[in-house]
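Report on one structure; see the data block that follows.
In my numbering, the protein residues as written are 22 to 554.
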C-alpha cells in the first residue's frame with residue numbers, strides 16, 4: 022500500500038480501535054466504525070408514509086426506458102440499529118448494457134430528525150472508503166441543523182466494502198505488499214517492487230476480472246443518480262470529502278440538471294495528470310510535515326533534539342534511513358518488520374488530523390529514542406484499514422482498482438523511476454513513496470479510455486468547493502483548480518491544517534457549508550475562513 026491516491030478522511034474512517042498508543046487518533050473527532058454486518062438484518066419494511074420512502078417526486082427527470090426499472094425500484098429499508106435503516110439497491114454492472122448483469126449497492130440512512138426536506142448523500146473519499154461506515158458517524162459528520170431536515174444517506178460505491186467488492190489478495194499478501202520498499206535504492210529493489218506490482222494486478226484480475234472495467238468514477242456517479250431516484254429526490258444534495266469531490270464533480274458533469282447542491286471538501290483536481298497529481302500530493306504531505314515540526318517546538322514533549330524546522334526534518338530523514346537499514350522494534354507480535362515503508366505510513370496518518378499531532382510526537386519519540394516503531398505501525402494500520410487479526414478491508418484493493426481505471430498512468434518502469442527521482446527532490450520524505458505507489462497501474466488489466474481533463478459541469482447550479490490551505494492529502498491548489506474549472510464553482514478556503522475542513526473545528530466553514538446546503542446561498546467566491554482557535 023502506498024500514499025498515492027489515498028485521499029479518504031482518515032479520522033472519520035478508522036476510529037474502530039482505541040487500545041493503546043496510536044490506536045486512538047484525534048479523540049475529539051473519534052468516530053466508531055460499527056460492523057457492516059449489522060446492516061444485513063432484515064425487519065419489516067417501514068410504511069411508505071415514513072420519512073424517506075416517498076415515491077419519486079413529479080419533478081424528477083425520467084430516465085431512459087431501459088434504466089427505468091433501476092430508478093423505480095423500492096428497496097426494503099430495514100432497521101439496522103441505532104436509528105439507521107439499511108437496504109440493498111440494484112444497478113447495472115455495465116451501463117451500456119442495462120439489461121445485462123446486475124450488481125448490488127449497500128446503502129444506509131439516518132432519517133431526518135425534523136420535517137424532512139430530502140436526502141443528503143455523503144461520501145468519505147478514498148477511493149475505497151466506506152460510505153456505510155461514514156454514515157454511521159452522521160452525528161459527527163453532519164451538523165444538527167442539516168440532519169434536522171435531511172436524511173443522511175451513505176453507500177459503499179461499486180467495488181467497495183459491502184457493494185459487490187473488488188477482491189485481490191489475502192491479509193498476509195497485503196502485509197507483504199504494503200511493507201514493500203517503495204523508495205528503492207538499487208536495481209534489485211526496483212525489480213522486487215516491480216514484481217510485487219505485477220502480482221497485485223494479476224491477483225486482482227484473477228479474482229475480479231469482470232468487475233474491474235466497471236468500478237470507475239463515472240459509473241459510480243451513474244449509481245448516485247439511481248440512488249437519487251430511489252430516494253425520491255428531484256435534485257441531488259451531496260457532501261463529498263477528498264476523492265468524494267471527484268465523484269461529485271463527475272456527477273455534475275453527467276447530470277448537471279439533476280444537481281441541487283454539491284459540497285466538495287478537500288477537492289481533487291480532475292484536470293491534473295496522474296503523475297502530476299502524485300507530485301503535488303507528495304508536496305502536500307511535505308508541507309504538512311513541516312507545519313507539524315514547527316508546532317512541535319511549542320510543546321515540551323517535542324522529541325527533536327534540534328531547534329529548527331530544517332533540523333527536525335533531517336532527524337525524520339535519519340529515522341527513515343535507519344528503518345531502511347534495520348527495522349524498528351514491533352511489540353505487536355504479529356511478525357511484521359517496521360521498515361521504512363511502514364514508518365512513512367505511520368508518520369503520514371496523523372498528518373490528516375491536527376488533533377493527532379500529539380500522538381505523532383509520542384510515536385516519533387519512541388522510534389528515535391528507543392528504536393521502537395510499534396506506535397507508528399499502529400497508526401499505519403489505520404491508514405490502510407488493517408485489523409488487529411491481520412485481515413484488511415478491501416479499501417487498498419478498491420483504491421487501486423478505481424485509480425487505475427480512472428486515470429492514464431505510464432506503462433514503462435523507467436518513467437516511474439524518473440518521476441520518483443524528481444518528486445524526491447521537492448518532497449524528500451514522501452515523493453518516491455507516492456510515485457512508486459502507482460506502479461501496479463502500469464500492469465492493470467482495465468485501462469482508462471480517456472486522458473485526465475477538466476470537469477465543467479455546465480448547466481449545474483453553484484457548486485461549493487472547499488479547500489484547506491495546508492491539507493496534506495488534497496493540497497489547496499487542487500481546490501483552486503477544480504473551482505476554476507467548474508462553470509459554477511465557488512471556492513471557500515480554510516486557513517488550517519489537516520485533511521478537509523467541514524466539521525473539523527471551524528465555525529466559519531461549518532456555517533458557510535450549512536447555509537449553502539439548507540438555503541442554496543453560497544459564500545462569496547474566494548472567501549478564506551480564518552484559522553480556528
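Backbone N, C-alpha and C define an ideal beta-carbon position, used for all residues, glycine too. Just so it is clear, the structure is predicted and the values come from calculations on it, not from any experiment.
Next item on the list: Please confirm if the segment 435-443 is in contact with the segment 401-410, defined as three or more CB-CB distances below 8 Å between the two stretches.
Entry: no
Next item on the list: Kindly indicate the opening and closing residues of the alpha helix (DSSP H) around residue 90.
Entry: 89-92
Notebook entry, point to check: If you run the structure through DSSP and keep just helix, strand and coil, what is residue 471?
Noted result: coil
Margin query: Between residue 225 and residue 233, how many whole angstroms is the CB-CB distance? I'm expecting something under 8 Å.
Written below: 6 Å
Next item on the list: Would you decide whether residue 95 is buried or exposed? Buried here means 16 or more other CB atoms lie within 10 Å of its CB.
Entry: exposed
Checklist line | Residues near residue 428 by beta carbon distance below 7 Å, same chain, minus five either side | finding: 295, 469 and 473
Notebook entry, point to check: Looking at the unbroken beta strand (DSSP E) that takes in residue 491, where does it start and where does it end?
Noted result: 484-491
Item checked: Segment contact, 8 Å Cβ cut-off, at least three pairs: the segment 253-262 with the segment 113-126 -> no
Checklist line | C-alpha gap between residue 98 and residue 253, whole angstroms | finding: 14 Å
Notebook entry, point to check: Looking at the unbroken beta strand (DSSP E) that takes in residue 262, where does it start and where does it end?
Noted result: 257-262
Next item on the list: Identify every residue that forms a DSSP beta bridge with residue 393.
Entry: 350
Item checked: Reduced DSSP category for residue 233 - H, G, I as helix; E, B as strand; rest coil -> helix
Checklist line | alpha helix (DSSP H) segment containing residue 313, residue limits | finding: 295-317
Notebook entry, point to check: So, are the CB atoms of residue 422 and residue 174 less than 8 Å apart?
Noted result: no
Notebook entry, point to check: Which of the three DSSP states, helix, strand or coil, is assigned to residue 549?
Noted result: strand
Check: If you follow the alpha helix (DSSP H) that residue 369 is part of, which residue opens it and which one closes it?
Finding: 361-372
Check: Thinking C-beta only, is residue 541 closer than 8 Å to residue 285?
Finding: no
Notebook entry, point to check: By how many angstroms is the C-alpha of residue 143 removed from the C-alpha of residue 537?
Noted result: 15 Å
Note to self: At the level of alpha carbons, what is the spacing between residue 60 and residue 280?
What the structure shows: Only weak support is given to the placement of residue 60: the predicted model assigns it a pLDDT of 30, under 50, and the value that follows is read from those uncertain coordinates. The alpha-carbon atoms of residue 60 and residue 280 are separated by roughly 28 Å.
Note to self: Below 8 Å, how does it come out for the segment 304-317 and the segment 490-497: are there three or more Cβ pairs, yes or no?
What the structure shows: yes
Next item on the list: Please classify residue 8: is it buried, with 16 or more other beta-carbons within 10 angstroms of its beta-carbon, or exposed?
Entry: Here the chain comprises residues numbered 22 to 554, so residue 8 is not present and cannot be evaluated.
Notebook entry, point to check: Three or more beta-carbon pairs under 8 Å between the segment 100-108 and the segment 449-463, yes or no?
Noted result: no
Note to self: Beta-carbon within less than 7 Å of residue 333's beta-carbon, same chain only, minus the 5 sequence neighbours each way: which residues are those?
What the structure shows: 314, 317, 325 and 327
Next item on the list: Please look up how many angstroms separate the CB atoms of residue 162 and residue 155, rounded, as I've assumed it's under 8 Å.
Entry: 6 Å
Next item on the list: Quick one: give me the first and last residue of the beta strand (DSSP E) that residue 171 is part of.
Entry: 171-176
Next item on the list: Run the CB neighbour count on residue 320, radius 10 Å, all protein chains shown included, and call it buried at 16 or more, exposed below.
Entry: exposed
Note to self: What I want to know is whether the C-beta of residue 249 ends up closer than 7 Å to one or more non-hydrogen atoms of the ligand HEM.
What the structure shows: Ligands in the displayed structure: none, and consequently the ligand HEM is not present.
Check: Under a three-way DSSP split, which group does residue 534 fall into?
Finding: helix
Check: To which residues of the same chain is residue 466 closer than 7 Å at the C-beta, ignoring the five residues directly before and after it?
Finding: 222, 226, 230 and 233
Item checked: Residue span of the beta strand (DSSP E) that contains residue 424, given as start and end -> Element bounds for residue 424: not the beta strand (DSSP E) but the alpha helix (DSSP H), 416-427.
Next item on the list: Could you spell out where the beta strand (DSSP E) holding residue 516 opens and where it closes?
Entry: 510-518
Next item on the list: Along the beta strand (DSSP E) that carries residue 139, what are the first and last residues, could you check?
Entry: 139-144
Checklist line | Beta-carbon proximity check, residue 277 vs residue 478, cutoff 8 Å | finding: yes
Checklist line | Proximal residues to residue 543 (C-beta, below 6 Å), its chain only, five neighbours per side dropped | finding: 483, 485, 511 and 537
Notebook entry, point to check: Once you ignore the five residues that flank residue 553 on each side, which residues in its own chain have a CB closer than 7 Å to its CB?
Noted result: 517, 526 and 527
Check: Which residues in the same chain as residue 414 place their Cβ atom closer than 6 Å to its Cβ, once the five residues preceding and following it in sequence are excluded?
Finding: 406
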